[in-house]
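Engineer: full-length UniProt numbering numbers the first residue of the sequence shown as 1 and each following residue consecutively.
The structure's right below; bear with me while I get my questions together.
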Amino acid sequence: MTRVLVVEDEPQLVRALRINLRARGYEVDAAPDGRTALDLAARRRPDVVVLDLGLPDMDGVEVIQGLRGWLNVPIIVLSARQASADKVEALDVGADDYVTKPFGMDELLARLRAAVRRAAPAGEHAVVETAAFTVDLAARKVTRGGAGVRLTPTEWHVLEVLVRNAGRLVDQKRLLREVWGPAYEKETGYLRVYLAQLRRKLEPDPARPRHLITEPGMGYRFDP
């Protein structure tokens with residue numbers, strides 16, 4: 001299911017968004033301030049963010065900048081600020097859409113659906129096949145020999161980053177930042193553990209990987 005991170009300090013609005021989003025099959029996480037939002041984003045990896053600019057601890061623009069340093073998902077601003085300068089600033093630092101309060105729930109949900117559609121992989125690139133396994137990026141599924149492979153959420157995120165950069169080196173810091181967040185850029189041991197787990201599940205010979213390649217001292221590469 002699509003996971004939505006709602007960053008909003010008005011409890012009644014958060015409750016309304018939870019009810020409406022969950023009724024339509026979304027998973028919902030909520031943060032009442034910017035610091036909680038950045039922490040939740042790192043731990044829970046949302047598919048889309050709905051963000052108020054007027055937060056109690058920091059400006060929403062700062063939150064956008066913090067997210068955009070490592071997370072590439074749609075961000076929809078939900079704000080009472082109607083000045084053109086505010087909209088331009090939010091969009092310039094990385095927001096994908098801007099909805100002003102008060103707003104209609106149907107309109108917000110339509111914008112959210114549109115943002116998620118735009119962020120989905122293009123059809124011709126959504127399914128990546130190798131000689132050993134197949135990765136469906138849109139469905140977030142991996143199959144091997146016609147059977148589904150069960151991956152943990154973290155294993156999937158590591159694999160997804162590598163597959164989306166097929167053939168290119170993904171350096172260690174970038175991979176750690178995108179999967180675990182900026183506070184984990186030095187935790188290279190995490191990568192060794194999770195790449196070993198992925199190889200055991202996906203590679204015909206995990207000791208001699210063909211598709212999930214280590215570039216010593218630099219990072220990792222997915223070779224389809």
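Think of the CB as a built atom: it goes at the ideal place given N, C-alpha and C, for glycine as much as any other residue.
Between Trp178 and Val161, which are expected to be in contact by the criterion C-beta below 8 angstroms, what is the C-beta distance as a whole number of angstroms?
Structural biologist: Per the sequence shown, residue 178 should be read as Glu rather than Trp. Between Val161 and Glu178 the Cβ distance is about 5 angstroms, and since that is below 8 angstroms, they are a contact.
Engineer: Quick check on the DSSP output: the alpha helix (DSSP H) that includes Val163 runs from which residue to which?
Structural biologist: Taken as a continuous stretch (DSSP letters only), the alpha helix (DSSP H) holding Val163 covers 153-164.
Engineer: Could you give the DSSP three-state label for Ala23: helix, strand or coil?
Structural biologist: In this structure, Ala23 counts as helix in the three-state DSSP scheme.
Engineer: Tell me whether Asp86 sits in a helix, a strand or coil according to DSSP, three-state version.
Structural biologist: Helix at Asp86.
Engineer: Per DSSP, Leu51 forms a beta bridge with which residues?
Structural biologist: According to DSSP, which records beta bridges pairwise, Leu51 is partnered with Val7, Val77.
Engineer: How big is the Cα-Cα spacing for Leu21 and Ala30?
Structural biologist: Leu21 and Ala30: Cα-Cα distance of roughly 12 angstroms.
Engineer: Compute the Euclidean distance between the alpha carbons of Glu124 and Asp136, then round it to the nearest angstrom.
Structural biologist: Residue placement at Glu124 is poorly supported in this model, since its pLDDT is 45, which falls under 50; the coordinates still yield a value, given next. For Glu124 and Asp136, the distance between alpha carbons rounds to 11 angstroms.
Engineer: How would you call Glu215, buried or exposed, if buried means at least 16 neighbouring beta carbons within 10 angstroms?
Structural biologist: Label assigned to Glu215: exposed.
Engineer: Can you tell me whether Val193 is helix, strand or coil according to DSSP?
Structural biologist: Looking at Val193 - three-state DSSP - the assignment turns out to be helix.
Engineer: Measure the CB-CB distance between Leu212 and Leu198 and report whether it falls below 8 angstroms.
Structural biologist: Contact flag set, yes.
Engineer: As a quick exercise: from Thr36, Arg140, Val88, pick the residue whose alpha carbon is nearest that of Arg164.
Structural biologist: Closest option to Arg164, Cα to Cα, is Arg140.
Engineer: Ends of the alpha helix (DSSP H) at Leu67?
Structural biologist: Note, Leu67: alpha helix (DSSP H), 60-68.
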